[in-house]
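Encoded as structure tokens, the structure appears first; notes follow it.
There are 2 protein chains.
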Amino acid sequence: MDPHLLRTFVAVIEHRSFSAAAQGLGYTQSAVSQHIAALESDLGTQLVERRPVGPTVAGERLMEHARPLLLRLDAARADIARLQQVRPARLTVACAPATLTPALTKALAHVRATTPALAVAVRVRGRDDAVREVLTGAADVALVDGVAAPSDPLPLPDAGPMTTLAVAEEPLALLLPADHPLARRRSLRLPDLADAHWLDAPELAVPLGQLRAVARSDGFAPHVTYDGTDIRGLAALVASGHGLAALPLPSTTGLPGTAAVRIGAPRLVHRTEVVHPRTPTSAVRALVAALNG
Amino acid sequence: MDPHLLRTFVAVIEHRSFSAAAQGLGYTQSAVSQHIAALESDLGTQLVERRPVGPTVAGERLMEHARPLLLRLDAARADIARLQQVRPARLTVACAPATLTPALTKALAHVRATTPALAVAVRVRGRDDAVREVLTGAADVALVDGVAAPSDPLPLPDAGPMTTLAVAEEPLALLLPADHPLARRRSLRLPDLADAHWLDAPELAVPLGQLRAVARSDGFAPHVTYDGTDIRGLAALVASGHGLAALPLPSTTGLPGTAAVRIGAPRLVHRTEVVHPRTPTSAVRALVAALNG
DNA sequence: CTCGGTTACGAACGACGTAACCATA
DNA sequence: TATGGTTACGTCGTTCGTAACCGAG
């Protein structure tokens with residue numbers, strides 16, 4: 001199970017085509033065919049269905065391993081490379097949409113003021129992508145958010161050693177239409193809402209999967225999915241009755257047509273964490289200090 | 001970063017010798033030397049210190065990645081292999097010492113009674129080894145224990161997809177000498193004991209690292225380490241004042257010279273979980289059912 | 001007939017072993 | 001000097017690309 005073969009396998013499944021994967025990888029179609037054949041003979045099973053191209057059952061199982069495997073391989077390489085680098089004149093922040101708050105912008109401003117020559121970049125990513133960029137060295141530090149019990153850590157993908165530190169915990173709120181019967185309540189119990197119509201906004205609001213996990217419930221089925229990162233767009237969907245969404249309380253103010261009700265039970269918080277490598281650059285250390293100070 | 005090279009690297013670091021690693025792997029010493037040289041040139045850093053042989057800083061960092069990487073590689077192969085197998089005439093249980101309880105032996109008896117031809121094997125392993133054996137297919141199912149907040153899952157190494165299910169949660173108790181000033185108490189607060197003398201019995205009692213994590217404390221420093229799996233041996237050490245140990249309450253009865261006091265705060269439990277692959281054999285399913293029924 | 005995956009084959013490359021080499025305790 | 005890691009080099013296996021092949025739509 002050479003990583004090259006795994007990489008080819010992943011590309012084939014993603015492109016649903018041998019030739020497209022070959023092009024993407026800079027191989028010939030023949031080489032890709034040979035790679036897949038080698039993998040299949042090594043594992044003793046067919047992994048890819050041809051015409052149309054797609055994973056077999058074993059192939060799908062392999063995919064669950066291949067991606068984290070390749071990620072960790074890249075993470076290991078990046079980790080070693082970081083030990084040798086000497087140029088801390090860059091600070092790239094990968095942050096989840098809901099973490100781009102005044103606290104972050106102020107901290108960034110502070111870092112830029114104290115180290116003027118620093119090239120600062122901010123990129124908004126999904127939670128897992130943000131962590132992945134830190135692991136592979138594409139970003140220096142990530143800010144991710146999610147829901148958890150108070151002072152519990154967030155469940156993050158484990159692809160290698162990294163340092164995580166909580167920077168904020170805010171009450172959790174439910175965003176609902178202003179004219180919703182529950183909109184006047186002071187507080188709500190989450191279990192009562194498991195069967196409601198939910199908006200799944202994985203990039204922006206609390207992912208329903210996390211909600212399901214912390215609430216230990218099978219409910220919270222997505223009714224409508226919102227793939228954007230714009231909170232006004234989410235609010236518009238909520239206001240027009242497409243579903244409910246869980247958000248950090250502070251970011252629910254001033255959203256027209258909606259009301260926010262604090263979630264009282266179970267005791268949950270919206271949590272923001274910084275994630276950075278074990279060997280942070282001085283700029284990362286400065287940012288983390290500014291976020292905490 | 002070919003897995004072969006990583007495997008060689010790990011062997012070299014473990015054996016603290018190129019030639020010993022070569023022997024262990026079935027290579028010549030020369031090949032091992034070439035493997036290390038290839039890795040070092042690939043990553044652009046020295047990884048191994050020679051004479052005496054040992055990891056450099058970068059090498060230690062690589063070790064943190066190499067082991068989980070190789071484990072997951074084996075897990076992936078085992079996972080695919082399981083999909084093809086047809087012989088469920090074997091049931092190998094890897095269990096942590098404290099999980100070998102009457103509940104388990106009764107469940108095993110039940111499984112053996114209903115499927116007489118089944119070859120049952122029980123092996124006692126450390127927590128991580130037990131999980132590793134399940135991932136690599138060396139065992140069919142693992143029973144592991146640890147400490148956690150009530151109905152929180154145990155922190156297990158994430159080396160691939162697996163199913164975990166809680167089978168028991170018992171109150172946590174502190175084992176101390178019978179004549180200890182706290183021995184008469186009905187209940188104890190854990191934070192008050194962070195600075196006590198602790199026995200670290202990672203194979204048997206609650207690992208101090210887990211205790212430190214759930215109690216969010218820097219204390220619980222190991223005073224004496226006990227590497228055995230025999231609870232009478234641990235009790236003897238506790239009775240003679242070598243330190244305290246946290247154990248599940250039910251297993252503290254009848255230990256001479258010791259007293260057990262329930263840990264009241266924070267609210268923690270000793271938790272036992274079954275771990276098995278996503279594609280359990282029928283025997284595994286039967287065992288899990290018996291454990292829950 | 002065409003598109004796309006497979007197979008055959010040769011050239012280039014890489015990996016391993018043998019053996020000579022060299023550095024350190 | 002002996003032990004043990006390194007280097008040189010020859011052999012063999014592997015991997016890739018070219019090109020012929022073949023099966024499904």
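If you read the protein sequences in the order shown, they are chains A and B.
Mapping of the first sequence onto UniProt numbering: position 233 corresponds to residue 233, and the numbering continues sequentially without gaps.
Mapping of the second sequence onto UniProt numbering: position 241 corresponds to residue 241, and the numbering continues sequentially without gaps.
Glycine included, C-beta positions come from ideal geometry on N, C-alpha and C.
Quantities reported herein were computed from a predicted structural model and do not represent experimental measurements.
Residue contact with chain A for Glu-273(B): absent (no Cβ-Cβ distance below 8 Å to any residue of chain A). If you draw a 10 Å sphere on the C-beta of Val-284(A), you find 16 or more other C-beta atoms in it, and that means buried.
Measuring C-alpha to C-alpha distances from His-15(B) to each of Pro-153(B), Val-32(B), Leu-70(B) identifies Val-32(B) as the nearest.
For Met-1(B), the residues of chain A that pass the 8 Å Cβ criterion are Pro-3, Leu-73, Ala-76, Arg-77, in the order they occur in the chain.
Out of Tyr-27(A), Gln-34(A), Gly-26(A), Ser-17(A), the CA that lies nearest to the CA of Glu-49(A) is found in Ser-17(A). Shortest Cα-Cα distance from Pro-171(A) to any of Ile-36(A), Thr-8(A), Val-269(A), Pro-280(A) involves Val-269(A). Nearest C-alpha to Ile-13(A) among Thr-56(A), Thr-45(A), Leu-71(A), Gln-34(A): Thr-56(A). When secondary structure is reduced to three states using DSSP, Val-124(A) falls in the strand class. In this chain, the beta strand (DSSP E) harbouring Thr-258(B) covers 258 to 265. Excluding its 5 nearest sequence neighbours in each direction, Pro-222(B) has C-beta neighbours in its own chain below 7 Å: Trp-198, Asp-200, Leu-208, listed in chain order.
From the listed residues Ala-245(B), Gly-233(B), Ala-213(B), the smallest Cα separation to Ala-205(B) is found for Ala-245(B).
Note on the region 206 to 273 of chain A: whole alpha helix (DSSP H) runs with a minimum of 4 residues are 208 to 215, 231 to 239, in chain order.
Between Val-53(A) and Leu-156(A), the C-beta gap is not smaller than 8 Å, which leaves the two residues out of contact. In this structure, the CA atom of Ala-166(B) is about 19 Å from the CA atom of Thr-92(B). For Asp-230(A), same chain residues with a beta-carbon under 6 Å away, outside a window of 5 residues either side, do not exist. Counted as a single uninterrupted DSSP element, the alpha helix (DSSP H) harbouring Ala-21(B) occupies residues 18 to 25.
Not a single CB atom of chain B sits nearer than 8 Å to the CB of Ala-194(A). Under the criterion of beta carbons closer than 8 Å, Thr-279(A) and Arg-90(A) do not qualify as touching, at roughly 15 Å. By the neighbour-count criterion, in which a residue is buried when 16 or more other Cβ atoms sit within 10 angstroms of its Cβ, Asp-195(A) is exposed. Chain order gives the chain A residues near Ala-58(B) as Ile-80, Leu-83, where near means a beta carbon separation below 7 Å. In chain order, Ala-290 place their CB closer than 6 Å to the CB of His-110(A), counting only its own chain and leaving out the 5 sequence neighbours on each side.
Proximity of Gly-137(A) to chain B, defined by a Cβ-Cβ separation below 8 Å, is not satisfied. When DSSP states are grouped into helix, strand and coil, Asp-79(A) belongs to the helix group. Within the region 152 to 173 of chain B, the residues whose Cβ lies closer than 7 Å to some Cβ of chain A are Asp-158, Gly-160, Pro-161, listed in chain order. Chain-order list of chain B residues neighbouring Gly-44(A): Ile-80, Ala-81, Gln-84, by C-beta distance under 9 Å.
Contiguous beta strand (DSSP E) elements confined to the region 136 to 174 of chain A occur at 141 to 148, taking only those with 3 or more residues. Flagged as an interface residue toward chain B: Arg-61(A), by a C-beta distance shorter than 8 Å. Counting every other CB atom within 10 Å of its CB across the protein chains shown gives Glu-60(B) a total below 16, marking it as exposed.
With a 10 Å radius around the Cβ and a threshold of 16 neighbouring Cβ atoms, Arg-127(A) comes out buried.
Counting along the chain, Val-32(B) sits inside the alpha helix (DSSP H) bounded by residues 29 to 43. The CB of Pro-191(A) never comes closer than 7 Å to any CB in chain B; the least such distance is about 14 Å.
Counted as a single uninterrupted DSSP element, the beta strand (DSSP E) harbouring Leu-188(B) occupies residues 187 to 189. About 7 Å separates the beta carbon of Pro-277(A) from that of Asp-79(A), a gap short enough to meet the 8 Å contact definition. By the C-beta density criterion, Asp-140(B) is buried, having at least 16 other C-beta atoms within 10 angstroms. Annotation: the continuous beta strand (DSSP E) that includes Arg-90(B) extends over 90 to 95. Interface annotation, His-65(A): in contact with chain B, CB-CB separation under 8 Å.
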